[in-house]
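Residue numbers (the numbering used here), protein chains in the order written: chain C, 1 to 233; chain G, 234 to 725.
Glycine included, every Cβ here is placed at the ideal spot set by N, Cα and C.
Bear in mind that the values here come from a model prediction, so they are computed numbers and not experimental data.
First comes the structure, then the notes that go with it.
Have a look at this one:
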């Protein structure tokens, strides 16, 4: 486990596996996270997996930084420390108007027919890399290379909650309306975050996600009914 | 039966906060929580609450509140100017508020966030195990929003009867000491020279300061590498250096992940002090090793756990008496009655006699004399103590308090800055300027009959100025528009 231990104050530690958004680094992040959960190190409060590192928040009264590093060094490595396979989620997605707000623009920039853009996005199988930015904002890896595009120069007006956006070779499910530099190509009625639901966040980092196309009428029905929309295969 | 706390006025940016919404960072949930955790813990512990119970967090925009039954309230944080009706209070205290009375806070001399705690904490629903408000995601507190005039808050426990006490906690005092930081995780994005210069530099807090982040202005901190990194986790107090080379310290409402290089993290022991800075004020960042940061935090936590030992009885001093002790005015009006100069003079003398008795006793202790001995030395001490007591009252006031015309008044710059200090060391402060008291009667005023109550003066001068500050903070918050409808949907 080649990694660096970097303090983030006296109450947090970053375990960094690399500097880039390499899936191999992310696999190591998830493996360490799983091993930590299994070991239940006394004094650890919570962990935050990201593309290339795991941030560990801990109670400095019960655990010092050096003690934590020593405990991490003792965790099982290799196969024994690999993260268990996550669950798979099939989420409804509507790419039709009015939801695919930037689809035409995006298709023009990529020099692809809009139908092809939709087919590529809807056929991919994604991995949940991390949550960030706001509650329920899901960052996905696995976007087809044909859809790689850089961010907008200037942010566009707020996208709807549930907006499916892409930029920087990544895909994202938005949970609240925010101005965004990403391109909006569809929307899911699924709620990645609902504080009144148990669990509030059913999708875990390391799970996989795919999208199933629905038309606008179906979207409206699903959205209005607010049923448990997170179908699990 | 629980008490109802009605907010009659409240400045922008005030929220309900507790220790924060922890355990959900991996789902993108910002912890929020009190900006100054030391103030939250102190106020709560003074009431016998758990240290992280939900409380009202106010800004320099201040607050005026009332209760529907006699209720003990505790407040702390910064050097805000607190008063009950016309009666000035120390800047950290626990007081009984009776129905019909008004507890009021104004910006005072320093500090950006004060906490007002209630018995049992504020009873709002727990959202994901916390009552902390995070306005940007619309979670917690009162419907996920800032507090407004007219809001009614319910206490979590039935109010009991408690003594009025000043909280003289050393950790609440204003300090110019550097803000301690632990270097990393991306300190390797900066050269050793840059880090040395960062540690020497003085930074000024800009107007871009809110619950989410504090932007500083100072000598540029240049990156040796790309300032963009692949996003990783963000902890409280992270000092991001953005493309412009200026530090941005991430505070309670920070995003859980971020993509800028972080040169260091503010030690938790000092994050409350940093939070209390106002725009335009300066600080330095002093690197310490992680073990020292931990030691400092544990020591501070231990001290705060002993808050009960830092409480001293508080006697409320009427404003009229305070004004009289300055010998600056011939009369005051409070709208319902008016005292003539002679009556005020009599009150003042009586008041000074009472103070002198107390001061003599204090002086006796100061000289390490027992209770039986101090009577014997009193004749020698009284003249000093007498003057000192009068001067003590003078020091409890800041410049905003005294409304006078026709006379230039010299006011010690920091006289009102730290009322705790005045309460802690009354004799030292009082005697230092013991000869300074002057007797100036009504002729010093051109229009003595319109002299208002002290606190009204404070309202006019201080509140307006800082309301603008609050609005600026609000504008900074508003740079990321928040969609209430969206968050309502998210909650359903």
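- Chain G places no beta carbon closer than 7 Å to that of residue 225(C), leaving this residue out of the contacts.
- Annotation: Cβ neighbours of residue 489(G) in chain C (cutoff 7 Å, chain order): 48, 132.
- Inclusion of residue 280(G) and residue 350(G) in the CB contact set at 7 Å is warranted, their separation being smaller than that value.
- For residue 448(G), the number of other beta carbons within 10 angstroms of its own is at least 16, and it is reported as buried.
- Under the three-state reduction of DSSP output, residue 281(G) falls in the coil class, being neither helix nor strand.
- Nearest to residue 386(G) by alpha-carbon distance, out of 494(G), 302(G), 512(G), is 302(G).
- DSSP places residue 428(G) inside the alpha helix (DSSP H), whose first and last residues are 425-433.
- Check the Cα spacing between residue 173(C) and each of 63(C), 222(C), 71(C), 211(C): the tightest is with 211(C).
- Against chain G, the beta carbon of residue 20(C) has neighbours under 8 Å at 463, listed in chain order.
- Cβ proximity to chain G below 9 Å picks out 45, 46, 47, 48, 49, 50, 51, 52, 53, 54, 55, 56, 57, 60, 61, 64, 65, 66 from the segment 43-74 of chain C.
- Residue range 523-538 is occupied by the alpha helix (DSSP H) that includes residue 525(G).
- Taking C-beta atoms under 8 Å as the contact rule, residue 327(G) and residue 397(G) qualify, at a distance of about 7 Å.
- Neighbours of residue 500(G) in chain C, taken as residues whose beta carbon is under 8 Å from its own, are 9, 10 in chain order.
- Contact between residue 352(G) and residue 14(C) does not hold, since the beta-carbon distance rounds to 41 Å and is not under 8 Å.
- Shown in chain order are the members of the segment 367-379 of chain G whose Cβ falls below 9 Å from a Cβ of chain C: 367, 369, 370, 371, 372.
- Collapsing the DSSP output to three states places residue 223(C) in a helix.
- Residue 123(C) sits in a helix when the DSSP states are folded into three classes.
- The beta-carbon of residue 252(G) is placed no less than 7 Å from the nearest beta-carbon of chain C.
- Under DSSP, residue 421(G) takes part in no beta bridge, so it has no partner.
- Under the DSSP assignment, residue 241(G) falls in the beta strand (DSSP E) whose first and last residues are 237-243.
- Residue 295(G) sits close to residue 339(G), with the two beta carbons spaced by under 7 Å.
- The beta carbon of residue 330(G) sits closer than 6 Å to those of 300, 304, 306, 336, all from its chain and outside the five residues before and after it, given in chain order.
- When 7 Å is used as the limit between beta carbons, residue 259(G) is near these residues of chain C: 46, 47, 48, 49, 131, 205, in chain order.
- Here residue 89(C) carries a strand assignment [DSSP, helix/strand/coil].
- The beta-carbon of residue 432(G) is placed no less than 7 Å from the nearest beta-carbon of chain C.
- Against chain C, the CB of residue 361(G) has a partner CB under 7 Å away; the residue lies at that interface.
- Counting only the Cα atoms, residue 109(C) lies some 11 Å from residue 117(C).
- Under the Cβ criterion of 7 Å, residue 14(C) is counted among the residues facing chain G.
- By the C-beta density criterion, residue 153(C) is exposed, having fewer than 16 other C-beta atoms within 10 angstroms.
- Here residue 128(C) is near residue 207(C), since their CB atoms are less than 7 Å apart.
- In terms of CA proximity to residue 41(C), 65(C) leads the group 7(C), 26(C), 144(C), 65(C).
- By alpha-carbon distance to residue 267(G), the top candidate from 541(G), 255(G), 422(G), 497(G) is 255(G).
- DSSP places residue 135(C) in no alpha helix (DSSP H); its state is neither H nor E.
- Under the Cβ criterion of 7 Å, residue 135(C) is counted among the residues facing chain G.
- In this structure, residue 400(G) lies near residue 309(G), with their beta-carbon atoms less than 7 Å apart.
- For the 7 Å CB-CB criterion, residue 438(G) and residue 510(G) form a contact.
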